[in-house]
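Participant: The structure's right below; bear with me while I get my questions together.
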Amino acid sequence: MIAYNSLWLHNLFIREQAAVAFHQNCLDKEECELINSKYPVHFYTPNLFIRIGLFILTTVILIFSFGLLALLFLDSLDKIVGGMAIFFAFLSYAALEYMVQAKNHLQSGADDALLWISACSLFGGTSYLTNAGDLANCIIIFIIALYSTLRFADRVMGAVLYISLLGIFFFVCTRFGPLGKAIVPFVIMAISAIIYLLVNKAKRLKVNQLYSNCLVVVSLAALLSFYFSGNYYVVRELSNTVFNLNLAQNESIPFGWLFWIFTVVIPLFYLVKGIQKKDIVMIRVALLLVAAIIFTVHYYYTVASIEAIMTTAGVLLMVVSYGLTRYLDTPKYGFTILEIAPQDATGKLQIESLLQVQSLTGKSAGSDGNNFGGGSFGGGGASGEF
């Protein structure tokens, strides 16, 4: 399903793990170079600045191309703009497949631009022709993002896929009247929790090698959506804006006390679970959401000025950070201030075993030949090719 060369992706995965081991002084330079030579990768992946430049250049070329195409049919543009957008989307997608299959582009900037231009053009044309509503638009985005994520393993497209899924459930619930609108936060929280558990399970599978970045982004989005769907400020203001509750300034929403509990408890729960599981993503999300707690409480209950709160919080964070840095200078209970390799399925590659296999065989694991003895096939000095 994935467009890129699977063998090269596997080799790239091995190289990345070898690089992590090298930076941790688990491998020396010669061993790392040996792994790189045994597992070649022929993708074109430039540095960040060239990637940004290629993305901008490709986007400009595509926009001007669409503009030129529109000028050719200017008189009847209103009638054919939807079909023209879909046609342009297929042209862009064909160029994308060519860049990936023939030119071996991987996150080069050009393939990113082609992917997003083709996806946006297809969505715009389809939505325009079908006069789609909110729910239909979310379904269209979900289908396009699902295919794009599976085909090209784009992490941002994975986030769009997840958000569109939440949008589908949101607009489905709103169609069931007041009861559906009332349970929207709980439905979104349930979907977020289910997706997070499924993603964590997928991280332990072999598919993680191909979609590891997408899984990380989706798990991060699931943690955030689980919290914000239960955050008092988000629920109250969204209910006022979207559902027209017209609440007074000091008037609370139904079950407001429950959403206040969610607002305060969920980040603390993230922090505790992150420390227990040594999950750096969950810990960082928890620390970020502590600021959301402060903002939400300060918005409705002014305890002190925002300047005083931010100054106090900054001083407290500096003191805690300094204390933890000094305390964890020597690793304790599995925690350290040093940067370590990711503790998931992608970090369990046994580099020593890999080196032993390479030193014994002297050939790449992806070799097409079957070598025994001195020949290309069979032992005893056989010299024929099979």
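Position in the sequence shown counted from 1, then plus 391, gives you this note's numbering.
We treat Cβ as the ideally placed atom computed from N, Cα and C, and that holds for glycine.
(1) Residues in the same chain with beta-carbon distance under 6 Å from glutamine 600, minus the five sequence neighbours each way, listed in chain order, please.
(2) Tell me the residue span of the alpha helix (DSSP H) that contains serine 555.
(3) Out of curiosity, what's the CA-to-CA distance linking leucine 570 and alanine 612?
(4) Let me check one thing: in DSSP terms, what residues is histidine 496 bridge-paired to?
(5) Since cysteine 564 contacts isoleucine 574 with CB under 8 Å, what's their CB separation in whole angstroms?
(6) May I ask whether a heavy atom of the ligand COA can be found less than 7 Å away from the beta carbon of threonine 687?
(7) Quick one: residues in its chain with C-beta nearer than 6 Å to the C-beta of serine 397, no 5 flanking neighbours on either side, listed in chain order?
(8) By Cβ distance, which residues of its chain are closer than 6 Å to alanine 756, with the 5 residues on each side in sequence left out?
(9) In the DSSP assignment, the alpha helix (DSSP H) including aspartate 502 goes from what residue to what residue?
(10) Round the Cβ separation of alanine 476 and glycine 515 to the nearest angstrom and send it over; I've been treating them as touching at under 8 Å.
(11) Between tyrosine 538 and glycine 558, what straight-line distance do the alpha-carbon atoms span, to the nearest angstrom?
(12) Determine the DSSP secondary structure at phenylalanine 726, reduced to helix, strand or coil.
(13) For the alpha helix (DSSP H) holding methionine 709, just list the boundary residues, first then last.
(14) When you compare the CB positions of phenylalanine 617 and serine 583, do they come within less than 8 Å of one another, or not?
(15) Is the region 432 to 450 touching the region 496 to 515 in the sense that three or more CB pairs, one from each, lie closer than 8 Å?
(16) Could you check the C-alpha separation between valine 551 and tyrosine 602 for me, to the nearest Å?
(17) Do you know how far the Cα of lysine 420 is from the Cα of serine 483?
(18) Return the Cβ separation of serine 610 and proline 576 in integer angstroms, given the expectation that the two are a contact with Cβ distance under 8 Å.
(19) Out of curiosity, what's the CA-to-CA distance linking alanine 461 and glycine 647?
(20) Leaving aside the five residues before and after leucine 614 along the sequence, list all residues of the same chain whose C-beta is less than 6 Å from its C-beta, in chain order.
(21) With DSSP as the reference, label serine 620 as helix, strand or coil.
(22) Determine the direct distance from the alpha carbon of alanine 510 to that of isoleucine 535, and round the result to whole angstroms.
(23) Can you list, in chain order, the residues of its chain whose CB lies under 6 Å from that of histidine 401, leaving out five sequence neighbours each side?
(24) Take methionine 392 and list the residues in its own chain whose beta-carbon comes closer than 6 Å to its own, dropping the five residues that flank it on each side.
(25) Once DSSP output is grouped into helix, strand and coil, what is the label at proline 379?
(26) For serine 428, which of Thr449, Ile684, Arg406, Ile652 has the nearest alpha-carbon?
(27) Among the residues of its own chain, which have a CB less than 6 Å from the CB of valine 432, if the five just before and after it don't count?
(28) Glutamine 408: buried (16+ other C-beta within 10 angstroms of its C-beta) or exposed?
(29) Determine the DSSP secondary structure at asparagine 631, reduced to helix, strand or coil.
(30) Going by other Cβ atoms of all chains shown within 10 Å of its Cβ, with 16 needed for buried, is valine 706 buried or exposed?
(31) I'd like to know if the region 650 to 667 and the region 681 to 691 are in contact, where contact means that at least 3 CB-CB pairs between them fall below 8 Å.
(32) Can you round the beta-carbon distance between leucine 505 and alanine 480 to whole angstroms, since I take them to be within the 8 Å contact cut?
(33) Whose C-beta lies closer than 8 Å to the C-beta of methionine 490 among residues of the same chain, with five residues either side of it excluded?
(34) Please report the straight-line C-alpha distance between isoleucine 652 and aspartate 720, rounded to a whole angstrom.
(35) Tell me which residues share the same chain as methionine 580 and place their Cβ nearer than 6 Å to its Cβ, disregarding the 5 neighbours each side in the sequence.
(36) Take isoleucine 666 as the anchor and find which of Ile697, Phe726, Ser712, Val625 has the nearest alpha-carbon.
Facilitator: Put simply:
(1) Phe404
(2) 546 to 565
(3) 26 Å
(4) Answer by DSSP bridge pairing, in chain order: Tyr435.
(5) 6 Å
(6) Among the ligands in the structure shown, none appear at all, so the ligand COA cannot be discussed.
(7) Result list for serine 397: empty, nothing under 6 Å.
(8) Because alanine 756 carries a pLDDT of 42, less than 50, the predicted location of this residue cannot be relied on, and the following value inherits that uncertainty. Same-chain partners within the cutoff: there are none.
(9) 501 to 521
(10) 5 Å
(11) 18 Å
(12) It is a strand residue.
(13) 697 to 718
(14) yes
(15) yes
(16) 15 Å
(17) 42 Å
(18) The pair is not a contact, with the Cβ atoms about 20 Å apart (cut-off 8 Å).
(19) 52 Å
(20) Val676
(21) coil
(22) 7 Å
(23) No residues qualify anywhere along the chain.
(24) When the five nearest sequence neighbours on each side are left out, the beta carbons in the same chain lying within less than 6 Å of the beta carbon of methionine 392 are those of Leu541, in order along the chain.
(25) With the chain represented from 392 up to 777, any question about residue 379 goes unanswered, as that position is not in the structure.
(26) Arg406
(27) Trp399, Asn402, Leu403
(28) buried
(29) helix
(30) When all chains shown are included, valine 706 counts as exposed.
(31) yes
(32) That pair is no contact at about 10 Å.
(33) The beta carbon of methionine 490 sits closer than 8 Å to the beta carbons of His496, Ser499, Ala501, Asp502, Leu505 from its chain, once the five residues preceding and following it are set aside; these are given in chain order.
(34) 36 Å
(35) Phe617, Ser620, Gly621
(36) When Ile697, Phe726, Ser712, Val625 are compared, the shortest CA-CA separation from isoleucine 666 is found for Phe726.
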